[in-house]
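Asker: Have a look at this one.
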Amino acid sequence: MLHKILSALKQNNIATYLINDSRKETVELFFIKEHLDMKRQKEVRQYRITVYHDFEKNGVKMRGSSTVGIHCGMTDKEVEETIKKAYFAASFVCNPYYELPSGKKEEPVIIESSLSRNTLAENARKMAEALFADDSWEDTFLNSAELFVEKNSCHIINSGGIDVGYEKHTVKGEFVTQCITPQDVETYQSFSYDELDTEALRAKVKRALEMTKARAQAKSAPAAGTYTVLLSGQYVRDIFEYFLSRSSAGMVYPKYSNYRIGDRIQGGDVTGELLTITLKAKEPYSSEGIPMTHRPLLKDGVLQTIHGNSRFAYYLGLEPTGVYDSFLVPAGTKYFSEMKSGKYLHVVNFSDFQMDAFSGHFAGEIRLAFLCDGTTVTPVTGGSVNGNLLKAQKNLVFSKEMQIEKGYEGPYAVRFEEVNVAGT
Amino acid sequence: MKVKSSHYLKEAKPFLKELLNSLLEHYSYASILASDSKAMIYSVSKQGTVISEDDILSGRGFVAKVYDGKSYGEYSFNEITKEGIPGILNKIKYSLMPLKDYLPGGISESEYPVLPDDPKTLKESTEYIQDPEELGDEKIIALLSKLCEEGLAYNKKILDCSAGCRYQQYHKLFLSKNKDMEQNILWTNGSLMVMASRSEEIKYFFKTYSNLGGTELLGEMERDLKSVAFTALELLESEPIKPGEYDCICTPEVTGMIAHEAFGHGVEMDMFVKDRALARKYIGKYVASPLITMHDGATAAKETATYLFDDEGVLSQDTVIIEKGILKRGISDSQTAMYLSSAPTGNGRRESYERKAYTRMTNTYFEAGKDKPEDMIASVQYGFLLENARSGMEDPKNWGIQCMVNIAREIKNGKLTGRIYSPIVLTGYVPDLLKSISMISDTVELKGSGFCGKGYKEWVKVSDGGPYIKARIRLG
Chain A
1 MLHKILSALK QNNIATYLIN DSRKETVELF FIKEHLDMKR QKEVRQYRIT
51 VYHDFEKNGV KMRGSSTVGI HCGMTDKEVE ETIKKAYFAA SFVCNPYYEL
101 PSGKKEEPVI IESSLSRNTL AENARKMAEA LFADDSWEDT FLNSAELFVE
151 KNSCHIINSG GIDVGYEKHT VKGEFVTQCI TPQDVETYQS FSYDELDTEA
201 LRAKVKRALE MTKARAQAKS APAAGTYTVL LSGQYVRDIF EYFLSRSSAG
251 MVYPKYSNYR IGDRIQGGDV TGELLTITLK AKEPYSSEGI PMTHRPLLKD
301 GVLQTIHGNS RFAYYLGLEP TGVYDSFLVP AGTKYFSEMK SGKYLHVVNF
351 SDFQMDAFSG HFAGEIRLAF LCDGTTVTPV TGGSVNGNLL KAQKNLVFSK
401 EMQIEKGYEG PYAVRFEEVN VAGT
Chain B
1001 MKVKSSHYLK EAKPFLKELL NSLLEHYSYA SILASDSKAM IYSVSKQGTV
1051 ISEDDILSGR GFVAKVYDGK SYGEYSFNEI TKEGIPGILN KIKYSLMPLK
1101 DYLPGGISES EYPVLPDDPK TLKESTEYIQ DPEELGDEKI IALLSKLCEE
1151 GLAYNKKILD CSAGCRYQQY HKLFLSKNKD MEQNILWTNG SLMVMASRSE
1201 EIKYFFKTYS NLGGTELLGE MERDLKSVAF TALELLESEP IKPGEYDCIC
1251 TPEVTGMIAH EAFGHGVEMD MFVKDRALAR KYIGKYVASP LITMHDGATA
1301 AKETATYLFD DEGVLSQDTV IIEKGILKRG ISDSQTAMYL SSAPTGNGRR
1351 ESYERKAYTR MTNTYFEAGK DKPEDMIASV QYGFLLENAR SGMEDPKNWG
1401 IQCMVNIARE IKNGKLTGRI YSPIVLTGYV PDLLKSISMI SDTVELKGSG
1451 FCGKGYKEWV KVSDGGPYIK ARIRLG
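Note that the protein sequences, when read in sequence, are chains A and B.
The opening position of the first sequence corresponds to residue 1 in this note's numbering, with each subsequent residue numbered one higher.
The opening position of the second sequence corresponds to residue 1001 in this note's numbering, with each subsequent residue numbered one higher.
Structure follows, in structure tokens:
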């Protein structure tokens, strides 16, 4: 197929292009309680071609692009027609000119992982064992789970000489834990690992079982009012992700974000902790073939990097870095036990937590929280948290305790002051 | 005009039948779902112009499902040739089905009966007025560019105006021993989003468009541009709401979000199998005001989730879920129906041929009532008109509500005061909200511009809606 694509590009005199060739193999297991309900396997290969069309409009140099899929089973004629149409479509895409990355042929990178040492089926068995390892409580148990063991291969070729690739293994999925006494409640959790990290999965299931058991004790919503709010677990990542979004070239270029390198993004009168975030390269190359490395994003609250693809980076006069979605954050200044001083509302589970990168607004309905009135801690459920990070960012406190979540390694908990809570 | 058949699937069909026959030599049940889909995304904004094939919705591929006398297995692939058939057969026999031997101690396979396979031959297509491919990329982009420019010129406080269009034309074949079915479907969406900034904070308002058809819907977008821009500017003056429980009038899109997120997910009967849905215990009981009748089904409306058969080869239908306040039944895929000894409702849907089928909603809505929206507003002493549904999350287990809307317009003594609050979180207990519904308007509107996930994945196209409703809702 690659030969067909290159031939069609040549036949249509298309000088500038990007080819993404991806292969995916999976083993998928679906459990309901202690039964395997469905087993699946997948082997697919996809090609995506982006063609670029240079032209002038009103004296301004433009570079339009259009992306199409080339699917297995397409004939030579279909491939040629599809690419020809895409090139024509690109002539209506009036984006100012930008330069694409260039490079050379490199040996494919095999990302070292304990997952790559076994077959997909063997990895599935080991992760399934970890899922069910602590499923032995009387009234709290694993309700259902889905496990996806994947091997992904990517090959990236462009007209600027880039010819790179990598192979990566992952295991991901989700599970629901249930507690039936004194009331029937559940907790949803997802997971994703690049290693055969059976211990991390086992610990996650155990925490979820404990959380669900606690939720079964919670009966009422907190009273409506303003609270010191603590968030922990995956929601801490969602909070940090706001800063990742605001520092992306795709948001800075159209002025959705006013971040500039060197800015103190939390403002000048910060009374809480200053933010330090490192962008983590999870793959060796971006989808455009740009080599990706760990990069500082924020250091002591000062923006170090605006990250993005070649188009937005060119427009902003910056080095293209590729688009990042993983990051590392150092430990905070307080032990979690210290953060829980005085009156607070510690939310451990939302039905769905929303963090809006445009407005800074964050909100979610509370599934389980622990309300402390200064002395007594009571589990509560219901009501919602409704805050704004633009206000809250000056007074953040993070825990010394750390956690690893999908795309995140950093503090386990964050503390906000004066957050609105809708309750009874 | 009717959507034409896929030439590719026609060419592939003899090979698929040969594979099916080979599978039937080894398994008491086998089926193959084949799909050929093209979906395009167009957008124009200050970020730039995009013409791109949608990589989730587009593609060609197949899923084979087999039954070994005890349980089911599925193999997804996207290449079929005569020479490749023995290889696929071997994968299913020697790699997929033996996965049952890789289970931890104490875990066993579920046992199911064989799927019913009543004879059915079908070949149907949906209709459209304007074919997006005939309209062409140039005209679509020209229209969106004009909308973007006019939106930006509306007021200097406007930061951006994003105009978008997407469509999906898909073709599916379902083959089993007794079934040979083909469907060809086209839907189109449009969107307008205007962003305005207040210092670092950005407020936005959006309006979406959808149909079961082609790009004929794009003409509606020009008509609404000014009101979308005006509302985005209004939002700059919005303030946070004082948390509390209020009398609320919900616009049809907010009604749709409540029907879909708060209640609809709870009657997806694969959740009954997992003991994850409270609704199972309420069949035959009042769960809503007697004014409420709720439907779901691929034939319940002509919208973006309309199809002729589901991804397990079951004919689509119109299911009445709530009738005059009483929960009558749920919706289900085939495997769930077998487990619960009920009939499948044509709701077995896959994100694509690469994914498992689950019970999924389609076109979900509340029926109309007899009231006029203006009378409903006039009936409120103090409360809010809720509009511009943003997102929602299901909680079938406990019937908790989490829905977010962009705007709450204040109503005092039966009149809108002009004050607006944003953003708004709706919370509470689903039956409390549904039982509090006291007025329902006389027309139904559906929107099919969104995608629905099962949890945080498995995205499928859905539509939802209903009339204006008056209810008591906790806002924060």
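All C-beta atoms, glycine included, are put in the ideal place defined by N, C-alpha and C.
Bear in mind that the values here come from a model prediction, so they are computed numbers and not experimental data.
Look at the Cβ atom of methionine 1001 of chain B, then the Cβ atom of tyrosine 1167 of chain B, and state whether they are nearer than 7 Å.
Answerer: Taking 7 Å as the Cβ cut-off, methionine 1001 of chain B and tyrosine 1167 of chain B do not qualify as a contacting pair.
Asker: Return the chain-ordered ranges of every alpha helix (DSSP H) run that is complete within the segment 1243 to 1294 of chain B and spans a minimum of 4 residues.
Answerer: Counting whole runs of 4 or more residues, the segment 1243 to 1294 of chain B contains the alpha helix (DSSP H) stretches 1252 to 1257 and 1270 to 1273.
Asker: What does arginine 45 of chain A reach in chain B if we use C-beta pairs closer than 8 Å?
Answerer: Going along chain B in sequence order, the residues near arginine 45 of chain A (Cβ under 8 Å) are Asn1078 and Glu1079.
Asker: Give me whichever residues DSSP pairs with glutamate 1239 of chain B in a beta bridge.
Answerer: Its beta-bridge partners are B/Tyr1421.
Asker: Classify histidine 1007 of chain B as buried or exposed, calling it buried when 16 or more other Cβ atoms lie within 10 Å of its own Cβ.
Answerer: Under this definition histidine 1007 of chain B is an exposed residue.
Asker: Going by C-alpha to C-alpha distance, which of A/Leu142, A/Ala15 and A/Ser192 sits closest to glycine 64 of chain A?
Answerer: Taking only the C-alpha atoms, the option nearest glycine 64 of chain A is A/Ala15.
Asker: Hey, could you find the ends of the alpha helix (DSSP H) tyrosine 87 of chain A is sitting in?
Answerer: Note, tyrosine 87 of chain A: alpha helix (DSSP H), 76 to 90.
Asker: Closest Cβ-Cβ distance between alanine 224 of chain A and chain B: below 7 Å?
Answerer: Taking Cβ atoms only, chain B reaches closer than 7 Å to alanine 224 of chain A, which makes this a yes.
Asker: Please list the partners that lysine 1064 of chain B has in chain A, where partner means a Cβ-to-Cβ separation under 8 Å.
Answerer: The displayed chain sequence assigns alanine, not lysine, to residue 1064 of chain B. The premise fails here: alanine 1064 of chain B is roughly 10 Å from chain A at the closest Cβ pair, so nothing lies under 8 Å.
Asker: Isoleucine 265 of chain A to leucine 279 of chain A, Cα distance in whole Å?
Answerer: Going by the C-alpha atoms only, they are around 16 Å apart.
Asker: Please return the same chain residues whose Cβ sits closer than 7 Å to the Cβ of glutamate 1303 of chain B, not counting the five positions on each side in sequence.
Answerer: Hits under 7 Å: Ser1210, Leu1212, Asn1363, Leu1446, Gly1448 and Ser1463.
Asker: Do you know whose CA, among A/Tyr98, A/Ala121 and A/Ser91, lies nearest isoleucine 1141 of chain B's CA?
Answerer: Closest option to isoleucine 1141 of chain B, Cα to Cα, is A/Ser91.
Asker: Can you name the start and end residues of the beta strand (DSSP E) that threonine 1049 of chain B belongs to?
Answerer: Per DSSP, threonine 1049 of chain B belongs to the beta strand (DSSP E) from 1048 to 1053.
Asker: What's the C-alpha gap between glutamate 1458 of chain B and glutamate 338 of chain A?
Answerer: The straight-line gap from Cα to Cα measures roughly 41 Å.
Asker: Please determine, among A/Met211, A/Thr170, A/Ser7 and A/Ser159, the residue with the shortest C-alpha to C-alpha distance to glutamate 150 of chain A.
Answerer: Glutamate 150 of chain A has its Cα closest to that of A/Thr170, out of A/Met211, A/Thr170, A/Ser7 and A/Ser159.
Asker: For tyrosine 315 of chain A and valine 323 of chain A, what's the separation of their Cα atoms in angstroms?
Answerer: Using only the alpha carbons, I get a separation of about 15 Å.
Asker: Report the rounded CA-to-CA distance for tyrosine 285 of chain A versus valine 1425 of chain B, giving the unit in angstroms.
Answerer: Distance between the alpha carbons of tyrosine 285 of chain A and valine 1425 of chain B is about 40 Å.
Asker: What's the call for glutamine 11 of chain A, buried or exposed, on a 16-neighbour Cβ count within 10 Å?
Answerer: Label assigned to glutamine 11 of chain A: exposed.
Asker: Contact check, tyrosine 235 of chain A vs phenylalanine 350 of chain A under 8 Å by CB: the rounded distance?
Answerer: The Cβ separation is near 7 Å, so the contact holds.
Asker: Please report the Cβ distance between glycine 1313 of chain B and phenylalanine 1174 of chain B, rounded to the nearest whole angstrom; I am assuming they are in contact, meaning their Cβ atoms lie under 8 Å.
Answerer: Indeed, because the Cβ distance is near 4 Å, the residues count as touching under 8 Å.
Asker: Could you tell me whether any Cβ in chain B is nearer than 7 Å to the Cβ of phenylalanine 92 of chain A?
Answerer: Yes, phenylalanine 92 of chain A counts as interfacial toward chain B.
Asker: To the nearest angstrom, how far is it from the Cα of glutamate 167 of chain A to the Cα of threonine 293 of chain A?
Answerer: Between glutamate 167 of chain A and threonine 293 of chain A, the C-alpha separation is close to 17 Å.
Asker: Could you round the C-beta distance between glycine 1297 of chain B and leucine 1327 of chain B to whole angstroms and report it? I think they count as a contact, below 8 Å.
Answerer: With 8 Å as the limit, glycine 1297 of chain B and leucine 1327 of chain B do not qualify as a contact, their Cβ atoms being about 16 Å apart.
Asker: Just the Cα atoms here: how many angstroms apart are glutamate 283 of chain A and phenylalanine 1062 of chain B?
Answerer: Taking the straight line from one Cα to the other gives about 29 Å.
Asker: Should aspartate 437 of chain A go down as buried or exposed, given a rule of 16 or more other Cβ atoms within 10 Å for buried?
Answerer: Because residue 437 of chain A is not part of the residues shown, which for chain A are 1 to 424, the question remains open.
Asker: Of the residues A/Val421, A/Met127 and A/Lys42, which one's Cα is nearest the Cα of tyrosine 227 of chain A?
Answerer: Of the candidates A/Val421, A/Met127 and A/Lys42, the one whose C-alpha sits nearest the C-alpha of tyrosine 227 of chain A is A/Val421.
Asker: So which residues on chain B does aspartate 37 of chain A lean against when the C-beta distance must stay under 7 Å?
Answerer: Result: Ser1110.
Asker: CB tyrosine 98 of chain A to CB arginine 311 of chain A, shorter than 7 Å?
Answerer: Yes, Cβ-Cβ distance for tyrosine 98 of chain A and arginine 311 of chain A is below 7 Å.
Asker: By the 10 Å Cβ neighbour count, where 16 or more other Cβ atoms means buried, how is aspartate 139 of chain A classified, buried or exposed?
Answerer: Aspartate 139 of chain A should be labelled exposed.
Asker: Would leucine 1096 of chain B and glutamine 41 of chain A qualify as a contact pair, given that the criterion is a beta-carbon distance under 7 Å?
Answerer: Cβ distance < 7 Å, so leucine 1096 of chain B and glutamine 41 of chain A count as in contact.
Asker: With 7 Å set as the bound, which would you pick, yes or no: does the beta-carbon of glutamine 1183 of chain B sit closer than that to a beta-carbon of chain A?
Answerer: So, not an interface residue.
Asker: Could you tell me which chain A residues have their CB closer than 7 Å to the CB of isoleucine 1202 of chain B, listed as they occur along the chain?
Answerer: In chain order: Tyr256, Phe358 and Ser359.
Asker: On a Cα-Cα basis, can you pick out the residue from B/Phe1366, B/Cys1250 and B/Ile1241 that is closest to proline 1290 of chain B?
Answerer: Answer by Cα proximity: B/Phe1366.
Asker: Pick out whichever of A/Arg260, A/Thr187 and A/Asn20 has its Cα sitting closest to the Cα of alanine 313 of chain A.
Answerer: Comparing Cα positions, the closest option is A/Arg260.
Asker: Candidates A/Leu345, A/Gly364, A/Gln183 and A/Pro291: which alpha carbon is nearest serine 102 of chain A's?
Answerer: Here the closest residue by C-alpha is A/Pro291.
Asker: Check whether chain A comes within 7 Å of aspartate 1160 of chain B, counting only Cβ atoms and requiring the distance to be less than that.
Answerer: Yes, contact with chain A.
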